[in-house]
Amino acid sequence: MTFDIRNFAVFEVGGTQIWLTETMLVTWAIMAVLVLFAVVVRVKLKKFTEQPTGFQNVVETMVETLDGFVRSMAGPKLQFLGNWFFCVFMFVLVSNFSGVFGIRPPTADWSMTFALALATFLIIQIVGGKYRGWKYFVGFLNPLNLIGELARPVSLSFRLFGNILAGLILMAMVYNVAPIWMQFVFPAALHGYFDLAIGFLQTYIFCALSLAFIQGASGLEQE
Numbered sequence: 582m583t584f585d586i587r588n589f590a591v592f593e594v595g596g597t598q599i600w601l602t603e604t605m606l607v608t609w610a611i612m613a614v615l616v617l618f619a620v621v622v623r624v625k626l627k628k629f630t631e632q633p634t635g636f637q638n639v640v641e642t643m644v645e646t647l648d649g650f651v652r653s654m655a656g657p658k659l660q661f662l663g664n665w666f667f668c669v670f671m672f673v674l675v676s677n678f679s680g681v682f683g684i685r686p687p688t689a690d691w692s693m694t695f696a697l698a699l700a701t702f703l704i705i706q707i708v709g710g711k712y713r714g715w716k717y718f719v720g721f722l723n724p725l726n727l728i729g730e731l732a733r734p735v736s737l738s739f740r741l742f743g744n745i746l747a748g749l750i751l752m753a754m755v756y757n758v759a760p761i762w763m764q765f766v767f768p769a770a771l772h773g774y775f776d777l778a779i780g781f782l783q784t785y786i787f788c789a790l791s792l793a794f795i796q797g798a799s800g801l802e803q804e
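Residue numbers (this note's numbering): 582 to 804.
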């Protein structure tokens, strides 16, 4: 196991090089898995009953849990953000968990976490402008407010990226140092901690902070 980002191919389009990296391939694979899961849920919806059991119970629990999470963090008036953050939560969670299978998590690449944080930044500005109007943007005339706002996507992305990369580096060190016979036993506990426990915690923190920032920008009081 290594923590380097592998590059599989380089294409040139219009004089611009496009690198096909490990992060891109794993991201596409995770997206394909999530889309397939969504298709299965959509097909199964036709057979859902009023008394959920089995697969239906799992799906409804996931939706209700994340829906309640968004409501508790952002308030009922921002409940429409639930669909977006359901997708973000599931993508980040599966990305973090991918390390269990010896795959380099896309969230261990800063370009990925920054893209997610940048999306949060754009939502913050849209929600702030929608609910507070021009008064929200006037506040940026204060240089300290502007710097603090621009720092949000950077700090948000580095928090997720740093924690996942740190776990990846430690696991790589363990695999490179431990004897082969120990690699089938000892690393399993570490994968459970760094990939599953820390992976879930960092997913929760990323989404919770994103929702807190958006709620703060809206100026709405939670009910």
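Idealized CB from N, CA, C, for every residue including glycine.
- Message: In this structure, how does DSSP classify Gln632 when only helix, strand and coil are distinguished?
- Response: Against the sequence shown, residue 632 aligns to sequence position 51. DSSP, read as helix, strand or coil, puts Gln632 in coil.
- Item | Where Glu641 falls: helix, strand or coil (DSSP) | Position 60 of the sequence shown, counting from 1, holds the residue named residue 641. It is helical.
- Message: By the DSSP assignment, the beta strand (DSSP E) with Ile586 in it spans what residues?
- Response: Numbered from 1 along the sequence shown, position 5 holds the residue referred to as residue 586. No beta strand (DSSP E) holds Ile586; DSSP gives it neither H nor E.
- Item | Sequence-distant residues of the same chain with beta carbon closer than 7 angstroms to Val640, five excluded per side | Locating residue 640 in the sequence shown gives position 59, where the first residue counts as 1. Cβ within range, chain order: Val622.
- Message: Nearest by alpha-carbon distance to Phe742: which of Met654, Phe787, Ser791 and Ile599 is it?
- Response: One-based indexing of the sequence shown puts residue 742 at position 161. The option with the nearest alpha carbon to Phe742 is Phe787.
- Mark Thr701 as exposed unless 16 or more other C-beta atoms lie within 10 angstroms of its C-beta, in which case mark it buried. In the sequence shown, the residue the question calls residue 701 occupies position 120. By the Cβ-count criterion, Thr701 is buried, with 16 or more other Cβ atoms from all chains shown falling within 10 Å of its own Cβ.
- Message: Considering just the uninterrupted stretch of the alpha helix (DSSP H) at Gln706, what are its terminal residues?
- Response: Locating residue 706 in the sequence shown gives position 125, counting from the first residue. Note, Gln706: alpha helix (DSSP H), Trp691 to Arg713.
- Message: So, with DSSP's three-state summary, where would you put Glu603?
- Response: Reading the sequence shown from its first residue, position 22 is the one you call residue 603. It is helical.
- Item | Start-to-end residues for the alpha helix (DSSP H) that takes in Ala753 | Along the sequence shown, one-based indexing puts residue 753 at 172. From DSSP, the alpha helix (DSSP H) with Ala753 extends over Pro724 to Val758.
- Item | Span of the alpha helix (DSSP H), counted from its first residue to its last, around Ile684 | Taking the first residue of the sequence shown as 1, we reach residue 684 at position 103. First-last for Ile684: undefined, no H or E at that position.
- Decide yes or no for the touch test of the segment 655-668 against the segment 768-783: beta carbon pairs closer than 8 angstroms, at least 3 of them. Too few Cβ pairs lie closer than 8 angstroms, so no.
- With a cut-off of 8 angstroms, do at least 3 Cβ pairs link the segment 783-799 to the segment 703-714? Yes, the segment 783-799 is in contact with the segment 703-714.
- Task: Rounded to whole angstroms, what's the CA-CA distance from Ala684 to Gln632? Just pull it up for me.
- Result: Taking the sequence shown and counting its residues from 1, one reaches residue 684 at position 103. Taking the sequence shown and counting its residues from 1, one reaches residue 632 at position 51. The identity of residue 684 in the sequence shown is Ile, whereas the question assumes Ala. Distance from the CA of Ile684 to the CA of Gln632, rounded to the nearest whole angstrom, comes to 38 angstroms.
- Item | One or two residues paired with Thr646 in a DSSP bridge | As a first step, residue 646 must be located in the sequence shown, where it is residue number 65. According to DSSP, Thr646 bridges with nothing at all.
- Message: By DSSP's criteria, Thr597 is part of a beta bridge. Which residues make up the other side?
- Response: Mapped onto the sequence shown, residue 597 falls at position 16. According to DSSP, which records beta bridges pairwise, Thr597 is partnered with Val594.
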